[in-house]
Every structure is written in C-alpha cells, then in structure tokens.
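Here the sequence shown stands for residues 14 to 520, numbered as in this note's numbering. Using N, Cα and C, we set each Cβ at its ideal position, and we do this for glycine too. The structure displayed is predicted, hence computed values, not measured ones. I have placed the structure first, in the form of structure tokens, so that the comments after it can refer back to it.
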Amino acid sequence: MEIHLKGSLVIDYPPPGIFELGRATIGGYQVDAHLSKFLDEDVDEGCAAMRSATGLKVSRARPRRLAGLVLAAVLVLSGCAGAGSLGAGDQTIVVAIVANPQMTDAVALSEQFERDNPGVDLKFVQLPENQARAKITASVATEGGEFDVVMISNYEAAQWAEYGWLENLQPRIDASQGYDADDFLPSIRDSLSYRDSMYAVPFYGESSFLAYRKDLFAKAGLTMPERPTWRQVAEFARELDDKQNGIAGICLRGKPGWGESLAPFGTVMNTFGGRWFDEDWNARLSSPEVRAAAEFYVNLVRNYGSVGASSAGFSECGTNYAQGEAAMWYDATVMAGVNEDPAESKVAGKSGYVAAPVAKTEASGWLYSWALAMPKVTEHKDAAWRFMRWMTDKQYVHTVGEQLGWTRVPPGSRQSTYEIPEYQEAAKAYAQPTLDAIRSARQENVLTKPVPYQGIQFVGIPEFQDLGTRVSQQLSAAIAGQVPLDEALAQSQQYARAVGDSYQETR
14 MEIHLKGSLV IDYPPPGIFE LGRATIGGYQ VDAHLSKFLD EDVDEGCAAM
64 RSATGLKVSR ARPRRLAGLV LAAVLVLSGC AGAGSLGAGD QTIVVAIVAN
114 PQMTDAVALS EQFERDNPGV DLKFVQLPEN QARAKITASV ATEGGEFDVV
164 MISNYEAAQW AEYGWLENLQ PRIDASQGYD ADDFLPSIRD SLSYRDSMYA
214 VPFYGESSFL AYRKDLFAKA GLTMPERPTW RQVAEFAREL DDKQNGIAGI
264 CLRGKPGWGE SLAPFGTVMN TFGGRWFDED WNARLSSPEV RAAAEFYVNL
314 VRNYGSVGAS SAGFSECGTN YAQGEAAMWY DATVMAGVNE DPAESKVAGK
364 SGYVAAPVAK TEASGWLYSW ALAMPKVTEH KDAAWRFMRW MTDKQYVHTV
414 GEQLGWTRVP PGSRQSTYEI PEYQEAAKAY AQPTLDAIRS ARQENVLTKP
464 VPYQGIQFVG IPEFQDLGTR VSQQLSAAIA GQVPLDEALA QSQQYARAVG
514 DSYQETR
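Next comes the structure, spelled out in structure tokens:
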C-alpha cells in the first residue's frame, strides 16, 4: 500500500496481488492507494499506517476481508473528512442520508421533530446514492464519529452488525411503546437483523417492477402481460421507441455503481441463468448465461433506452419517466410514488405496473431497503433513537400522507400502511404489485442455480462494494460504446476471480 500525502511518500507497502484503487482526498490530504488481499499480519500494520497518515481511527476489527473493507472504504472514497465539529449547547444529531425523493420529504418535515423534541437539533448530510454510500461506509468503518444516524441498506446491516460497528437497536425497539416492529414486512425486517436483533430500522422497502405508459400502449394497440418476459419487453420497446418525439422505448440504469446499474442488471443476469460465483466460489461472469444477459441489456439500452443512458441512475430515469420521456421504466418499486404524484409527474394516472420481467425463472426482482442505523460510536444515542423512531414510526406515514400527499408515503416497510384507506385509494395502481414483488423476491424464486452467498442483486460479502462498482463501470463503458462487451466481461471476470480465489483459500 502506498500512501502519498501531498506528494510526499509516507508508507511503501506493496504486497503481491495488488489492486490499484486510485486517488482520494482524506482530511484534506491527497492519497494514492493500492490494496492487496490482506494477510492477518498485514492488518495491524495497515491500520497503523492509516492512523499515522490520516489521523482517522482505524480499528483491527476483523482480519483479512474486513481489513480490505476498512482500508478500501477510507482510501477509495472521497470527501470523507466528516460533517465538521459541533458546537456546545443543544445536542446536534448529524444524519447522513440518500438524496432520494422520500428522504427529501423527511428533511422537509423534520422541523416537526425538532419542535416536539426541544434541545435536539438536526443536521442533514444528504448526498446522491453513490456518494452517500462512500461517505457513510468510510465514516462507520473507521469509527469516525461524524454521524449519529446513517442511512444504510440490507446489504450493509448484518455485515456491519457482525463487525460491531452498529448499535443493537432491539433493546430500544422493545422499550418503545407503540413502535410495533412486528408491523414491518417480515422479509424486510429479517434482512436488517443479525442474530434475531434489528440493527437498522426500515424507512422504506422495495423490490423491482416494470412501469409502463398505458396510454401509449393503447394508442399502439399493445397489451402488457401481468408477467412479461424480457423478450416481450424488448419488442414493446422497439415498437414504442420514438426518439424524434422525445420518447425512449424504455429507461434502464447505466450509471456506474453497484447500487445503480448493477441492481437492475443483476436481476436480468439472474433470470437469464447467470450468477456471480458457483458453489465453489469459481467466478462465473464469463459464462454463456451472463454473456447473454449482458448482451441483451446493453443492446436494449443502446437501441431503445434514453439519451445518455450510460450515466443514468434511479434519479435520472425517474425524471425522464415523470416528464413523459419513456414508454417503460424497469426499476425499484418505490418509483411509483413519484410517478403518480401530480405535483411531480406529467404522467400521473397514466401508468400500469407489472411484475419484473423474466427469462428462465418464474419470478425476478430484487429485495432492498433503505434503513436507518446508529453507529456504535455515536455519543447521542438516546436523541439519535428518538429521531430514528420518528422517521420510521407508523405516525410518520400519516404525517406524510396528510401533509404532502398519500402518493409520497414511504412504501414497502410497514404492513399497516397498506391498510390505510387513503393510501389504498392513492396507491391502488401499485400497492399490491409492490407487496407481491417484495414477497416473491427470494433466491429460490429468482435464481436458476445454487450460490454460496446471500443476496439477490448483490453478493453479501464485504468485497462486493468494490467488486460491484468495478463491474458496473465495465457495464457502463459497454453501454457507452467505449469498450467491446467481451472485453468488459473479461475484465469483470478477472475482478471476480480475484475475490472468489480468496474465498476458496479459506474453505
């Protein structure tokens, strides 16, 4: 590992099997970093190096893979110096969240929490998904203490709980009268738990489904099946693509990021019969099934996707669809609330929602949750929990519905939400499809072959943040026409093989 501080070499530590991770700025310092597959004895030296070079707290935590995650989080991710020092006086709770629409609503409503909790001030650090992941991972992994509450997903929750990075929320949940954790959808609740205790509480839950413009389908004389295949979707996209009039056949993510383009593509790969690794941790990204899925996805996006698809993520596709610039959109079920909000969408009331398209499986889609967690090093635990409870409580759903509109309610987390008459009416086009998608998102339904890892659209191992991001960059480059598909897959296979080999060594 080489660490340069403003051009001055501080540490020269280049073990074999190097992965070059690039340059980042940490605490105002310019850092070049290279990471390898760490051996146990490397960990203390690497952590000491990071403490010396950056002044950040880096704990040993766990050997080998955890060391790679901790150091990768610090070195790869930029802007991780934290939210700044806090003044004396009232408790200031610093909350790091993703800049999705429902989270923006929570920020807008947060004055009510402050009014009801005198002495507690809120400070939000709200960032796009990729940046939020980077900043939060770096802070939590290094015990930086910048944040009192962080927004994470079911990918991180159990892993970070196992490492001891997160506060066990179960005692606070059990002591919070009326909070009713049993009201959370079981699959979402379980995905945020470790050893039967919740370490994060869901703000919303999601799977994925396909939105389509009913008016455009009717005009073209087309009928969308309740359970379409990807081949049918591609044909619909071909027939409805009308770039001259500003309408793409379909919007799909092409933006790099394991939580961006890799999410929808991962479900396509699964249903085409692909997988990241076989049961013996052999990388499978060069398999015929993965190649068929990648070729299909890249061609569909390049031929009938939105302009600039290689840089389009959830937010960009949401804007395109809401502005009437796409005939279909395959993405997170949470999109429906934005699509159906007349204040935000030109196509409100014009969409239908059907199950995630399939190829070789009976079902497809992903399982995901944006949730709130408390870093173990948080100093203001009681105040942090009060805010977390406010933002994930049953009453919050009513607050959003009554003040902002029922289509803007965070979906997919609480069963009671789907029993509210006003929500049932506002969400009648997508409420049941959302629940159906979440309930069917299980490995046995969406995969064709066994795998040695947890997760559907992600691989539940620490290395996946880096691996998934690298593979997504190759996918995006193929969509943009910057590299041939076979070259992108060969490079992706090389990345995956390095990870798989390390798991074979420890079996």
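Bounds of the alpha helix (DSSP H) holding W243 are W243 to L253. Unbroken beta strand (DSSP E) stretches of 3 residues or longer found wholly inside the stretch 322 to 364: 341 to 345, given in chain order. Taking C-beta atoms as the reference points, G270 and S485 count as a pair closer than 9 Å. Three or more Cβ pairs drawn from the stretch 487 to 503 and the stretch 256 to 273 lie within less than 8 Å of each other, which places the two stretches in contact. The stretch 137 to 149 makes contact with the stretch 106 to 113, as at least three CB pairs between them are under 8 Å.
Taking all protein chains shown into account, N333 has 16 or more neighbouring C-beta atoms within 10 Å of its C-beta and is therefore buried. Assignment of R427 by DSSP, reduced to helix, strand and coil, places it in the strand class. The distance from the Cβ of A339 to that of S319 is about 6 Å, consistent with a contact at the 8 Å cut-off. 9 Å or more divides the Cβ of W403 from the Cβ of F197.
Taking the C-beta atoms as reference points, D499 is found nearer than 9 Å to R304. I469 and G279 have their C-alpha atoms roughly 8 Å apart. Taking one beta carbon from each stretch, the stretch 379 to 395 and the stretch 165 to 181 have 3 or more pairs nearer than 8 Å; the two touch. DSSP places M387 in no alpha helix (DSSP H); its state is neither H nor E. The shortest C-alpha to C-alpha distance from T482 to any of V133, G378 and R146 is the one to R146. For the 9 Å CB-CB criterion, T242 and A372 form a contact. Sequence-distant Cβ neighbours of Q336 in its own chain, meaning closer than 7 Å and more than five residues away, are K359. Contact annotation: P423 and T447 have beta-carbon atoms that are not nearer than 9 Å.
Counting along the chain, the unbroken alpha helix (DSSP H) around L480 starts and ends at F477 to I492. Annotated as distal: Y217 and S377, with beta-carbon spacing of 9 Å or more. Counting of Cβ neighbours within 10 angstroms places R244 among the exposed residues, the total staying below 16. At the C-beta level, Y225 and L265 stay beyond 9 Å of one another. Bounds of the beta strand (DSSP E) holding V163 are V162 to S166. Less than 9 Å divides the Cβ of S328 from the Cβ of A112. The DSSP assignment places 133 to 140 as complete runs of the beta strand (DSSP E) inside the stretch 108 to 152, in order along the chain (cut-off: 3 residues). In terms of Cβ geometry, F290 and Y508 do not form a close pair [threshold 9 Å].
A distance below 8 Å between beta-carbons, with the five flanking residues on each side excluded, links K256 to the following residues of its chain, in chain order: V320. DSSP places I186 within a helical segment (H, G or I) once states are collapsed to three. For A247, same chain residues with a beta-carbon under 6 Å away, outside a window of 5 residues either side, are L313 in chain order. By the Cβ criterion, the stretch 345 to 353 is not in contact with the stretch 180 to 192, since fewer than three pairs of Cβ atoms, one from each stretch, lie closer than 8 Å.
Exclusion of the five residues before and after G350 leaves T420 and R421 as the residues of its chain whose Cβ lies within less than 6 Å of its Cβ. With fewer than 16 other beta carbons inside 10 angstroms of its own, Q416 counts as exposed. Under the DSSP assignment, G218 falls in the beta strand (DSSP E) whose first and last residues are V214 to E219.
Our two residues, N130 and F160, have alpha carbons roughly 19 Å apart in a direct line.
Only residues of its own chain outside the window of five on either side were considered, and among them F197, I201, L205, S382, A384, T405 and S426 have a CB closer than 7 Å to the CB of P215, listed in chain order. Nearest Cα to D228 within the set T519, K363 and N316: K363.
Across the set Q478, D479 and E353, the C-alpha of E353 shows the shortest separation from the C-alpha of G418.
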